[in-house]
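K.L.:
My structure is below; once you've seen it, I'll send some questions.
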Amino acid sequence: MPVPAVHLKTRSGGEEVLIGSGSSAIRLSIASGTLLSEPVRLAYRLAGTDQLVLRALALHRLAMFFRDRRVPAPLFPVSAKARRQADLLRVLDVLAATSSHRAVAETLFGAALVARDWTGGSDYLRSRTHRLIRQARRLAADGHLAHLRSAFR
Numbered sequence: 157m158p159v160p161a162v163h164l165k166t167r168s169g170g171e172e173v174l175i176g177s178g179s180s181a182i183r184l185s186i187a188s189g190t191l192l193s194e195p196v197r198l199a200y201r202l203a204g205t206d207q208l209v210l211r212a213l214a215l216h217r218l219a220m221f222f223r224d225r226r227v228p229a230p231l232f233p234v235s236a237k238a239r240r241q242a243d244l245l246r247v248l249d250v251l252a253a254t255s256s257h258r259a260v261a262e263t264l265f266g267a268a269l270v271a272r273d274w275t276g277g278s279d280y281l282r283s284r285t286h287r288l289i290r291q292a293r294r295l296a297a298d299g300h301l302a303h304l305r306s307a308f309r
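Right, here's the structure in full:
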């Protein structure tokens with residue numbers, strides 16, 4: 157199965173290539189020359205030591221792509237913050253349809269878990285659901301974009 161790739165010309169005249177799609181795309185910034193005229197030889201530049209671990213991970217992702225001819229999904233783990241933000245958006249979707257906290261919990265955690273633990277000996281599930289609802293309402297009140305920006309800093 158071919159991997160999607162997009163070639164972009166930047167406003168400054170440079171080039172970028174996105175290999176794959178979504179949050180697991182590999183981006184190559186072309187420092188000089190062009191990819192459009194003939195075969196190229198790639199060189200990876202490391203400038204400074206800030207974010208060295210992230211830069212090495214990017215190089216590892218590229219090496220795995222060349223080896224396996226596919227974007228290495230396991231090297232693009234979903235962060236806990238991203239999962240949390242997705243949960244908050246799902247909460248807002250459920251709250252738009254109903255005000256039931258139990259319905260929110262069933263959407264997030266599954267009907268079987270809610271049936272077993274919603275009124276059980278511990279209130280962990282209700283507390284977690286209420287906390288997510290509070291955070292989601294704050295997200296809506298403050299404006300989605302501002303909240304998401306601060307969450308990923």
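If you read the sequence shown in the working numbering, its first letter stands for residue 157, the second for the next number, and so on. Even for Gly, the Cβ is constructed at its ideal location relative to N, Cα and C. Since this is a predicted model, take the numbers as computed values, not measurements.
Per DSSP, which one or two residues make a beta bridge with residue 163?
P.N.:
As DSSP reads the structure, residue 163 sits in a beta bridge with 173.
K.L.:
Does the beta-carbon of residue 261 have 16 or more other beta-carbons within 10 angstroms, so that it is buried, or is it exposed?
P.N.:
Around the Cβ of residue 261, a 10 Å sphere holds 16 or more other Cβ atoms; the residue is buried.
K.L.:
What is the rounded straight-line gap between the Cα of residue 282 and the Cα of residue 228?
P.N.:
Rounded to the nearest angstrom, the two C-alpha atoms are 37 Å apart.
K.L.:
Give every residue of the same chain whose Cβ lies closer than 6 Å to the Cβ of residue 177, excluding the five residues on either side of it in the sequence, and list them in chain order.
P.N.:
Shown here for residue 177: same chain residues with a beta carbon closer than 6 Å to its own, the five before and five after excluded, namely 160 in chain order.
K.L.:
Just to confirm before moving on: does the CB-CB distance between residue 263 and residue 239 stay below 8 Å?
P.N.:
no
K.L.:
If we call anything under 8 Å between Cβ atoms a contact, is residue 244 one with residue 292?
P.N.:
Yes, Cβ-Cβ distance for residue 244 and residue 292 is below 8 Å.
K.L.:
Using alpha carbons as the reference points, say which of 297, 158, 271, 188 lies closest to residue 224.
P.N.:
158
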